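**Student:** The structure is given below, and queries will be raised subsequently.
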Amino acid sequence: MENFQAGNESIFSIKASGHTLAKGVDEFDKIYGLGYKVGHEDWSPYPRVNYLRQTFLNRSYDIDVERLRLVTEAYKRYEAVPRILQCAYAFENILHHSTLYIYEQDLIAGEIAAPAKASPIYPEFSADWIIDEITHAPFEERSNDQFYIRNDEDRAEILELCAYWKGKSANEIITAHLDEDQKKGSHMGEKVFQTNNYHFAGIGHFAMDFKKLMTLGYDGILEQTRTSFSKLSKQDPDFCDKRDYYKATIITLEAAKTYISRYASLANTLAKEESDPIRKQELETMSTNCYQISGGVPKSFWQAVQLFNFAVTLTQIEGNGHSISYGRMDQWLLPFYQKDINERGVPKAFILELIEVLYVKMNNPTKLKDKGTVKVRNGRGFGGESLTIGGVDEAGQDATNDLTMLMLEASAHTRMMNPWVCLRMHENTPYELKIKTIECIRAGYGHPKLFNDGPAIKAMQGKGVTLQEARDYAVVGCVEPTIPGKEHGWLDAGYVNTAKMMEMVINGGRILSGPNAGMQLGPDTGSLETYKTFDEVLASVDKQFAYWCDQLCSCLNVTDKIHRMIKPTPYISAFFEGCIESGRDMTAGGAKYNGTAPQAAGIATCADSLATIKKLVFDDKKYTGAQLLDAVKHNWVGYEKLYALINSSKIPHYGNDIDEADALFAFMFECYCRHIKGRENPRGGKFSPGVYTVNANVGMGLYTNATLDGRKNKEPISDNMGPVHTAGGSHDIHGPTAIVNSVTKVDHSLATNGTLLNLRFPEDAVSGIEGRDILGSFIDEYISKQGMHVQFNIMSSEKMKSAQKNPELYRDMLVRVAGYSAYFVELGKPLQDDLIQRTELRF
1 MENFQAGNES IFSIKASGHT LAKGVDEFDK IYGLGYKVGH EDWSPYPRVN YLRQTFLNRS
61 YDIDVERLRL VTEAYKRYEA VPRILQCAYA FENILHHSTL YIYEQDLIAG EIAAPAKASP
121 IYPEFSADWI IDEITHAPFE ERSNDQFYIR NDEDRAEILE LCAYWKGKSA NEIITAHLDE
181 DQKKGSHMGE KVFQTNNYHF AGIGHFAMDF KKLMTLGYDG ILEQTRTSFS KLSKQDPDFC
241 DKRDYYKATI ITLEAAKTYI SRYASLANTL AKEESDPIRK QELETMSTNC YQISGGVPKS
301 FWQAVQLFNF AVTLTQIEGN GHSISYGRMD QWLLPFYQKD INERGVPKAF ILELIEVLYV
361 KMNNPTKLKD KGTVKVRNGR GFGGESLTIG GVDEAGQDAT NDLTMLMLEA SAHTRMMNPW
421 VCLRMHENTP YELKIKTIEC IRAGYGHPKL FNDGPAIKAM QGKGVTLQEA RDYAVVGCVE
481 PTIPGKEHGW LDAGYVNTAK MMEMVINGGR ILSGPNAGMQ LGPDTGSLET YKTFDEVLAS
541 VDKQFAYWCD QLCSCLNVTD KIHRMIKPTP YISAFFEGCI ESGRDMTAGG AKYNGTAPQA
601 AGIATCADSL ATIKKLVFDD KKYTGAQLLD AVKHNWVGYE KLYALINSSK IPHYGNDIDE
661 ADALFAFMFE CYCRHIKGRE NPRGGKFSPG VYTVNANVGM GLYTNATLDG RKNKEPISDN
721 MGPVHTAGGS HDIHGPTAIV NSVTKVDHSL ATNGTLLNLR FPEDAVSGIE GRDILGSFID
781 EYISKQGMHV QFNIMSSEKM KSAQKNPELY RDMLVRVAGY SAYFVELGKP LQDDLIQRTE
841 LRF
């Protein structure tokens, strides 16, 4: 570990000098604590923020019926009009008639057409599962991710309204368009891949053009739309479609203006009724802010963040997409910050308080998900609300500014699930920013996650964007790089369980065990009973991947076409370059860049399985392929000695800086990327591979038979880019340096949809100035070796075990799950156990 000893020369140890430092309110090296503390005091210096945070925690997760009622009403009224206009009229009906809320001490207005922390219902995408679960598997009785219906009247109304949507929702229509081969491998069958995310919900996973909105306002974008509409010719063969698109865009933008004006009126009414002079003035200012931005551009930082909140919540009302992300907020908000500070004399402390109020408010939107989804992916938020800071500008120069520092401070002061703060790093990231980042990481609440500009920019260029555009990438969802306002990338499109593909490789395309044992699921490309050489095994892997990627991508293309047909999004499309210009909704390929991006799970499980086969069957010839096959068919029963051997260091495992093992991981990684990248989608774009699982490795493991890495039935498969850890032991045994060396032997930029690496250290491993500096040097080394992403849990196994036993004491303890942080006690026990089982690293 000598590379990471404090005092050694590294990029990290060279302090910045001779430049204007970006400054927050706190000192750059302020210590925010070391891990979660039971019985902690409030973290924020602002009583208002602590009040809003506690109020959020005290609210229950409810299901709200109002959006369902209003959208159903509109669809019935406008059944005969083109679908894009039907969607626009439904959006308008919601914004004109939904109940509005402004909460005590809040400074920012706007929810998602439901009370704070209550989930609306989106029947346009799916409704049959809602009927089924209310009737047979009540949401409030789930083991995790419970939601509560307020009363029997609401329950009855939900069932009645959902009945209208039978046969009309995206999920049912997508399912009807899939053939049996597609279904049998999907979430409807044997779960080799899962595409249910976009069966049951909107696409999301984008960052809109906030700079455009802040520069033009709704009035400016309406003018742009009307100008393009006026130039539309009836000689255009797509005249009708474009005419309907422009009409729908105008309807939705006008509805947004009306909605914001309604909030302005509400704030004004509340101000007149308010007796406290300070709160009265706040409400009056909120009213003024809303009136200004209902059509015009913001004139202050407060107005800019208010407009931002409306813009984002309106996309959630319309589209129901996961991971509506915030772009490079420290860049597009900077002009408003500078004007307030330099011209209006606004205290920097008030700017920080506004950011913290906004951070708390970002947690209000919640999303009801089906029981199958929450089994694979725990979490009641929309998920993926990433906020990107730092990095380089379009010229390649460091872009750090005061807001970069303030947004990190706000994260440390609020310590909530959202936003998912993403820090872009590069070789010239300022020392002060690194220190503040590490102090946030050491505080143990899971933020920020780190991204490396080098491979991320290279990956974006691999998708065909220009260098200038690539340098302006932002993160959406867990780890996916995108170009704000230009790219509709269909990120997080589906999960591929590569361990299930490997099951087909070793068993002739047949299922190993369980109720469907022996069923022919994939093509017969050979089995462990027939392979004569290890090269034959690798060739079989390639053939199975080719077949299953065909099935996956064809399913996603069907889903893509149905979304275009069923749920266009004219409001959202207005904030993407190319849509207004071309007269095409983003679901129809109107955005400048279009992609589809599924991700692989279980790569290390496959790599270590290959290592077992190579070592024991072909190199040492200690076991036959038939013996290994029989061992996993019987879940290692009767093969306990073999099970122990495979989970020992006598087998070369990925994650230990062993070239032979790491080469097998690289083979699996590159095989998946090769079979995904470059395929065409229906919007004129290309497929883009990602290598990450988020937390789906736990749910996928529940449906995966025993594997030759020493995993038993139902155990999690390997997570993201990380090494294997099974009940038989962690396969990485040489510490974090070895992991970094293994992980960076692959070219991360091949995964143009991102990679993800989780690392966990106990608190004492990074304590003190020495621990801080060692962690900093470690991060520098990872960046220099061209890893794309890394994130940290600073938490011991013992603390998580204590939280399992006494959840009431750890109610707001955040853990870094994967691409996101979540409250540990709200996770399902299988996921909690997986977090505890991950290797606890030390330098």
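First residue of the sequence shown: 1, per UniProt numbering; consecutive thereafter.
Where a beta carbon is used, it is the ideal one built from N, C-alpha and C, also for glycine.
Since we're looking at a predicted model, the values are computed, not measured.
1. Please classify R77: is it buried, with 16 or more other beta-carbons within 10 angstroms of its beta-carbon, or exposed?
2. Using DSSP with H/G/I as helix, E/B as strand and the rest coil, what is G381?
3. Hey, could you find the ends of the beta strand (DSSP E) T388 is sitting in?
4. Within the stretch 647-696, note down every full alpha helix (DSSP H) run reaching 4 residues or more, in order along the chain.
5. With 16 as the cutoff for other CB atoms within 10 Å, does Y823 come out buried or exposed?
6. Could you tell me the boundaries of the beta strand (DSSP E) in which T414 lies?
7. Which same chain residues, not among the five before or five after L756, have their C-beta less than 7 Å away from its C-beta?
8. Using C-beta distances below 8 Å, list every residue in its chain close to E274, excluding the 5 sequence neighbours before and after it, in chain order.
9. Could you give the residue range of the beta strand (DSSP E) that holds N594?
10. DSSP on G485, reduced to helix/strand/coil?
11. Rounding to the nearest angstrom, what Cα-Cα distance links L35 and D29 in this structure?
12. Considering only DSSP beta bridges, list what residue 844 is partnered with.
13. State the DSSP-derived secondary structure class of K30, mapped to helix, strand or coil.
14. Determine the closest residue to V49 out of L85, D106, A90, with distance taken between C-alpha atoms.
15. I need the DSSP call for D492, collapsed to helix, strand or coil.
16. Please name the residue or residues paired with F206 in a DSSP beta bridge.
17. What's the call for I435, buried or exposed, on a 16-neighbour Cβ count within 10 Å?
18. Any idea if P277 is buried or exposed, counting beta-carbon neighbours within 10 angstroms, 16 or more meaning buried?
19. By how many angstroms is the C-alpha of Y473 removed from the C-alpha of G787?
20. Is there contact between the stretch 807-817 and the stretch 366-373, where contact requires at least three CB pairs shorter than 8 Å?
21. Can you list the alpha helix (DSSP H) stretches of 4 or more residues lying completely in the stretch 523-587, in chain order?
22. Starting from the N-terminal side, write out each stretch of the alpha helix (DSSP H) that is 4 residues or longer and does not extend beyond the stretch 98-144.
23. Could you tell me the distance, in whole angstroms, from the CA atom of S98 to the CA atom of P347?
24. Thinking P430 and D398 are a contact (beta carbons under 8 Å), I'd like their distance in whole angstroms, please.
25. Could you tell me the alpha carbon to alpha carbon distance between G18 and G583, rounded to whole angstroms?
26. Go ahead and label S796 buried or exposed: buried means 16 or more other beta carbons lie within 10 angstroms of its beta carbon, across all protein chains shown.
27. Pull up the DSSP beta-bridge partners for T707, would you.
28. Quick check: the Cα distance between F575 and E581, rounded to an integer number of angstroms?
29. Taking the continuous alpha helix (DSSP H) assigned at Y337, which residues delimit it?
30. Between A16 and E432, what straight-line distance do the alpha-carbon atoms span, to the nearest angstrom?
31. Does the stretch 291-305 come within contact of the stretch 554-567, defined as at least 3 CB pairs closer than 8 Å?
32. For R279, list the residues DSSP reports as bridge partners.
33. Between the beta-carbon of T525 and the beta-carbon of V505, is there less than 8 Å?
34. Just curious, the beta strand (DSSP E) that K449 is in, first and last residue?
35. Here's a check: name, in chain order, each residue in its chain whose Cβ is nearer than 6 Å to the Cβ of K449, leaving out the five neighbours to either side.
36. How should A727 be labelled, buried or exposed, when 16 other C-beta atoms within 10 angstroms of its C-beta is the threshold for buried?
**Tutor:** Put simply:
1. exposed
2. strand
3. 386-390
4. 659-676
5. buried
6. No beta strand (DSSP E) contains T414, which is instead part of the alpha helix (DSSP H) from 402-414.
7. C478, V479, Y692, N720, M721, H789, A818, G819
8. K280, L283
9. 593-601
10. coil
11. Contrary to the premise, residue 35 reads as Gly rather than Leu in this sequence. One C-alpha to the other measures close to 16 Å.
12. Residue coverage of the chain in this structure runs from 1 to 843, which leaves residue 844 outside it and unanswerable.
13. coil
14. D106
15. strand
16. I324
17. buried
18. exposed
19. 17 Å
20. no
21. 534-566, 570-573, 579-582
22. 128-136
23. 36 Å
24. 7 Å
25. Residue placement at G18 is poorly supported in this model, since its pLDDT is 41, which falls under 50; the coordinates are not used for a value here.
26. buried
27. R711
28. 11 Å
29. 334-342
30. Unreliable placement is indicated for A16, whose pLDDT of 44 sits below 50; no coordinate value is reported for it.
31. no
32. None; R279 has no bridge partner.
33. yes
34. 449-452
35. C422, Q791
36. exposed
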